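Chains as they are written, first to last, in my numbering: chain F, 42 to 126; chain R, 2 to 560.
Here's the structure, in structure tokens; my notes come after.
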Amino acid sequence: MKEFTYTIQEAVGIHARPAGLLVKEVKKYQSTVTITKGDKSVNALKLMALMGMGVKCGDTVTVQVEGADEDVAAPALEAFFKTNL
Amino acid sequence: MISIQGKGVSSGVGIGPLYFYHRVKTSIPRYTVEDTDAEWHRFKGAQTGAIEQLGELAEKARAEAGDEAAMLFETHQMMVEDLDYEEAIEDRITNEKMNAEAAIADTSLQFAEMFEAMDDSYMQARAADVKDVSRRLLSILAGAVQGGIASDVPVLLAADDLAPSETVQLDKSKILGFITAGGSGSSHTAILARTMGIPAIVGVGDALKPEYEGRQVIIDGATGSVVIDPDDMTRDKLLKKREEQLRLQRLLETLKGQPNITKDGKSIRVYCNIGSPEDVHAVQVNDGGGIGLFRSEFLYLNCEDYPTEDQQFEAYKQVLADMDGKEVIIRTLDIGADKQIGYFNLPHEENPALGMRALRICLTRPEVFHTQLRALYRASAFGKLRIMFPMVTNVWEVREAKRQCEDVKRELKAEGIPYGDDVEVGIMIETPAAVMLSDRLAKEVDFFSVGTNDLTQYTLACDRQNNDLGRFYDPHHPAVLRMLKMVADNAHKNGIWVGICGELGADLTLTETFLAIGIDELSVSPRAVLPLRNAIRMTDTRETSPRILAALADEYTNN
Numbered sequence: 042m043k044e045f046t047y048t049i050q051e052a053v054g055i056h057a058r059p060a061g062l063l064v065k066e067v068k069k070y071q072s073t074v075t076i077t078k079g080d081k082s083v084n085a086l087k088l089m090a091l092m093g094m095g096v097k098c099g100d101t102v103t104v105q106v107e108g109a110d111e112d113v114a115a116p117a118l119e120a121f122f123k124t125n126l
Numbered sequence: 002m003i004s005i006q007g008k009g010v011s012s013g014v015g016i017g018p019l020y021f022y023h024r025v026k027t028s029i030p031r032y033t034v035e036d037t038d039a040e041w042h043r044f045k046g047a048q049t050g051a052i053e054q055l056g057e058l059a060e061k062a063r064a065e066a067g068d069e070a071a072m073l074f075e076t077h078q079m080m081v082e083d084l085d086y087e088e089a090i091e092d093r094i095t096n097e098k099m100n101a102e103a104a105i106a107d108t109s110l111q112f113a114e115m116f117e118a119m120d121d122s123y124m125q126a127r128a129a130d131v132k133d134v135s136r137r138l139l140s141i142l143a144g145a146v147q148g149g150i151a152s153d154v155p156v157l158l159a160a161d162d163l164a165p166s167e168t169v170q171l172d173k174s175k176i177l178g179f180i181t182a183g184g185s186g187s188s189h190t191a192i193l194a195r196t197m198g199i200p201a202i203v204g205v206g207d208a209l210k211p212e213y214e215g216r217q218v219i220i221d222g223a224t225g226s227v228v229i230d231p232d233d234m235t236r237d238k239l240l241k242k243r244e245e246q247l248r249l250q251r252l253l254e255t256l257k258g259q260p261n262i263t264k265d266g267k268s269i270r271v272y273c274n275i276g277s278p279e280d281v282h283a284v285q286v287n288d289g290g291g292i293g294l295f296r297s298e299f300l301y302l303n304c305e306d307y308p309t310e311d312q313q314f315e316a317y318k319q320v321l322a323d324m325d326g327k328e329v330i331i332r333t334l335d336i337g338a339d340k341q342i343g344y345f346n347l348p349h350e351e352n353p354a355l356g357m358r359a360l361r362i363c364l365t366r367p368e369v370f371h372t373q374l375r376a377l378y379r380a381s382a383f384g385k386l387r388i389m390f391p392m393v394t395n396v397w398e399v400r401e402a403k404r405q406c407e408d409v410k411r412e413l414k415a416e417g418i419p420y421g422d423d424v425e426v427g428i429m430i431e432t433p434a435a436v437m438l439s440d441r442l443a444k445e446v447d448f449f450s451v452g453t454n455d456l457t458q459y460t461l462a463c464d465r466q467n468n469d470l471g472r473f474y475d476p477h478h479p480a481v482l483r484m485l486k487m488v489a490d491n492a493h494k495n496g497i498w499v500g501i502c503g504e505l506g507a508d509l510t511l512t513e514t515f516l517a518i519g520i521d522e523l524s525v526s527p528r529a530v531l532p533l534r535n536a537i538r539m540t541d542t543r544e545t546s547p548r549i550l551a552a553l554a555d556e557y558t559n560n
């Protein structure tokens, strides 16, 4: 399993559009991606649940990547967060 | 004749028969299914149909109202194919043996409630999106066509409220105007109506009765008035107004690309005030010559902690790049007074307008200022940047702020980070002190921009938040106009330029005065650019300026 933490820079947090882009990005990989904020965790393939976490600017989230392609997926997702969130 | 008053949110006059928007009422059948597999496929079929519809709508919205409007449908598209939403429906169909319609309705409610319970108004508003998406699926299952106007002639469309998707789907050639019972100026209907130039009035409540359907109605989107069965006089008056507006609109369109030049050849720059990078689109559409005031506060107001250097850099860079080499004046942080931000932990003040605000905060908290200046200078490599400090009262403040700029430039140079070497630095003139010292201040900076709202407040001792002051708060006050003259003279004596970035800049009754005083630049909201250009082009300063300057200098007054 690979893991990284990230502090959200996007002013409006993980709102609809970035959440949608994230889901699309995650779909590219076989690995299961879990996003955790505080005591809440969601599967990053689930848009509504992701939006339901209410992640705001300044919040720190932990991203766990687990699966056959985790070595490729984790750095790619980290780059995605940096560019979009 | 019946008159109803609402809130005008998109100007223009519309006249025609009243037509109520008939929403396809899909009653939701509820029954137990045996073949859950077949039911699941019914849902999947509707889902595919919805994705297709939404894709088409996104393209339609893009063509009619731009990317912002299209994004809404793209979000809907993502929601309708969302795994979470789909799984909740699948669970209801397979395990609870519910029919597809009931499963969709219950799932819709479940997610709408989740969003409504969130403590963030943006997320709360997503509840409407979930419902809208679900309604679409239900309509497809019922074989219903959404949102048609069953009328051969164009109509004034009345509704309780219109969902964004409903507004976009309507056949615009059939709509003369919108009237809604609910809604606000920032609702999607209002925004789309403005973008498409269709008059709209919201918030008429239940005053619009169903029996008015088909009757002749006239609406004025500027005033919010709705008149049913207008008499000839009202009708003629409003029709004349419409003619006038259309004529002006056509005239303004022809002014795009034209210079802001008076009949006798004096030119003045017309720039725009903006509050976020998204506003640049409106500047381009209205042919603004540059950005005269970019309020940087949005970066601080939208966040729960201090925005980082990178976040700021990205926003500034985007505006500079989008403006493609045209001048962009960014005002450094201007909070305090009526704009408070929690994480700054500013102490409570009895009189915040006279307290710790704007440049005063920046000079007291150099670390906050330093971050912003670094972001600004880094962005300066991507366009024509000017930096402007607000709320100056004395020369030392400007010197101290400039010293910080020099420090930042030295740092960047040492770090090998590129920045523009032609960044002009200016100040806002919004205190009587700055006016009185404008001869000295002019020697410190490259330009002045007068903030007329604050200058009026401080000069006239009138709180701008106090609506009861009425005629005492007079932006046309001769004291304010004389100050403008003094500032302009001192600027020009020292070879720098002077602009106005307050609301007064767009006041067309003062355009001749500004030209007489010799103001070099007016920064106004994007929508005010073309009307202002028109006013400038109608003026002959050889006729107007001597009279205005004489009146301004006159020791005697008639009022």
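Backbone N, C-alpha and C fix where the C-beta goes; we use that ideal spot for every residue, glycine too.
Just so you know, these numbers come straight off a predicted model, no measurement behind them.
Exercise for the section: Would you tell me roughly how many angstroms separate the C-alpha atoms of Thr181(R) and Thr190(R), rounded to the nearest one? Expected result: 9 Å
Practice task
Using a Cβ-Cβ cut-off of 8 Å, state whether Phe295(R) counts as contacting chain F.
Solution key: no
Exercise for the section: Just the chain F side, please: which residues come within less than 7 Å of Leu138(R) by C-beta, in chain order? Expected result: Those within 7 Å of Leu138(R) in chain F number zero; the least Cβ separation is about 15 Å.
Handout entry: Closest by C-alpha distance to Tyr123(R), when choosing among Val113(F), Pro116(F) and Lys97(F)
Key = Lys97(F)
Practice task
Return helix, strand or coil for Ala90(F), following the three-state DSSP convention.
Solution key: helix
Practice task
Output yes if chain R places a C-beta closer than 8 Å to the C-beta of Val86(F); else output no.
Solution key: One point to set straight first is that residue 86(F) is Leu, not Val, in the sequence displayed. True, the Cβ-Cβ gap to chain R drops below 8 Å.
Handout entry: Residue span of the beta strand (DSSP E) that contains Ile524(R), given as start and end
Key = Looking at the sequence provided, one finds Ser at residue 524(R) rather than Ile. Per DSSP, Ser524(R) belongs to the beta strand (DSSP E) from Glu522 to Val525.
Handout entry: Where the region 88-111 of chain F meets chain R: residues whose CB sits under 9 Å from a CB there
Key = Leu88, Met89, Ala90, Leu91, Met92, Gly93, Gly95, Lys97, Cys98, Gly99 and Asp100
Exercise for the section: Note down, in chain order, each residue of its chain lying with its Cβ closer than 8 Å to the Cβ of Arg538(R), except the 5 sequence neighbours on either side. Expected result: Leu256, Gln259, Asn261, Ile262, Thr263 and Lys264
Problem - Val281(R) classed as buried or exposed, judged by whether at least 16 other C-beta atoms fall within 10 angstroms - result: buried
Exercise for the section: Check whether the Cβ atoms of Leu19(R) and Arg216(R) sit closer than 8 Å, and answer yes or no. Expected result: yes
Practice task
Scan the region 304-344 of chain R and note each continuous alpha helix (DSSP H) run of 4 residues or more that stays entirely inside, going in chain order.
Solution key: 310-323
Exercise for the section: List the residues of chain F whose Cβ lies closer than 8 Å to the Cβ of Gln312(R), in chain order. Expected result: Gln50 and Ala52
Exercise for the section: Could you have a look at Ala201(R) and say whether DSSP puts it in helix, strand or coil? Expected result: strand
Problem - Sufficient close CB pairs (3 or more, under 8 Å) joining the region 340-351 of chain R to the region 419-432 of chain R - result: no
Problem - Host alpha helix (DSSP H) of Phe44(R) (start-end) - result: Thr37 to Ala66
Problem - CA-to-CA distance, Asp423(R) to Lys327(R), given in whole angstroms - result: 13 Å
Handout entry: Span of the alpha helix (DSSP H), counted from its first residue to its last, around Arg472(R)
Key = Taken as a continuous stretch (DSSP letters only), Arg472(R) belongs to no alpha helix (DSSP H), as it is neither H nor E.
Handout entry: Contact set between Gly79(F) and chain R, taken where Cβ atoms lie within less than 9 Å
Key = Result: empty, since nearest Cβ-Cβ is about 14 Å, beyond 9 Å.
Problem - Contact with chain R by Val64(F), beta-carbon distance below 8 Å - result: yes
Exercise for the section: Determine whether the Cβ of Tyr86(R) lies closer than 8 Å to any Cβ atom of chain F. Expected result: yes
Handout entry: Proximity winner among Met429(R), Ile52(R) and Thr76(R), relative to Gly129(F) (alpha-carbon distances)
Key = A query on residue 129(F) cannot be resolved here, the shown segment of chain F reaching from 42 to 126 and no further.
Handout entry: Inter-residue spacing [alpha-carbon to alpha-carbon] between Thr48(F) and Met92(F)
Key = 16 Å
Problem - Contact set between Glu305(R) and chain F, taken where Cβ atoms lie within less than 7 Å - result: Lys97, Cys98 and Gly99
Exercise for the section: State yes or no: is the C-beta of Phe121(F) within less than 8 Å of the C-beta of Glu66(F)? Expected result: yes
Exercise for the section: Pair every Cβ in the region 31-45 of chain R with every Cβ in the region 83-90 of chain F, then say whether three or more of these pairs are closer than 8 Å. Expected result: no
Practice task
Starting from the Cα of Arg441(R), find the closest Cα among His478(R), Arg400(R) and Leu413(R) and give me that residue.
Solution key: Arg400(R)
Handout entry: Own chain residues within Cβ distance below 7 Å of Thr460(R), not counting five before or after
Key = Pro433, Ala480, Val481 and Met484
Exercise for the section: Can you tell me which of the three DSSP states Lys78(F) falls into? Expected result: strand
Exercise for the section: To the nearest angstrom, report how far apart Thr309(R) and Leu209(R) are at their CA atoms. Expected result: 50 Å
Exercise for the section: Using a threshold of 8 Å, state whether the C-beta atoms of Val523(R) and Gly506(R) are closer than that. Expected result: In the sequence as presented, Val is not what sits at residue 523(R); that position holds Leu. Going by C-beta atoms, Leu523(R) is nearer than 8 Å to Gly506(R).
Practice task
Grab the span of the alpha helix (DSSP H) containing Cys363(R) for me, first residue to last.
Solution key: Leu360 to Thr365
Handout entry: Chain-ordered neighbours of Ala57(F) on chain R, where CB pairs are closer than 7 Å
Key = Thr76 and Arg127
Practice task
Could you tell me which chain F residues have their CB closer than 8 Å to the CB of Asp83(R), listed as they occur along the chain?
Solution key: Val64, Lys87, Leu88 and Met89
Problem - Rounded Cβ spacing between Met389(R) and Leu360(R) (contact assumed at less than 8 Å) - result: Not confirmed; about 10 Å, so no contact.
Practice task
Assign Gln312(R) to buried or exposed, taking buried as 16 or more other Cβ atoms, counted over all protein chains shown, within 10 Å of its Cβ.
Solution key: buried
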